[in-house]
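Residue numbers (the numbering used here): 103 to 233.
Printed below as a string of structure tokens:
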């Protein structure tokens, strides 16, 4: 939409889920990897990297963000962090991805969110622009 051409890569800790992704996206199958993000070495650095902080123990979240910014996101790129499906009641959704990142000392570039009326879930995103 804004002139970006995205070429997806994926990493999952689950071999089973990676295989599902390869079957769904056979044209990108060779770019879907199995591994632990905390020790896995990417084949290159990327302009956009997305991760779900809700899947990481709270005490490891800063380590994950530091690792992704240092080893996965290219200079001038963006780390996109998510918290999907927080609650069916948006008034009770208190966990802010942006606040979490700021508590680690990161400058948050933006914080879009959207409530999915069909699923009844709130989706929050916050991103960090890497200099």
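Quick reminder that beta carbons are idealized off the backbone N, C-alpha and C, glycines included. Remember, it's a predicted structure, so these values are computed and weren't measured experimentally.
A Cβ-Cβ distance of about 6 Å is found for the pair residue 182 and residue 227, placing them in contact under the 8 Å criterion. Take the alpha-carbon of residue 147 and the one of residue 223: they are about 32 Å apart. Our two residues, residue 198 and residue 131, have alpha carbons roughly 33 Å apart in a direct line. Within the same chain, Cβ atoms closer than 8 Å to the Cβ of residue 232 are found at 171, 175, 176, 177, 178, 179, 180 and 181, the five residues on either side in sequence being excluded. Cβ neighbours of residue 120 within its own chain (closer than 6 Å, five residues either side excluded): 114, 134 and 136. The bridge partners DSSP lists for residue 115 come to none. DSSP places residue 225 within a strand segment (E or B) once states are collapsed to three.
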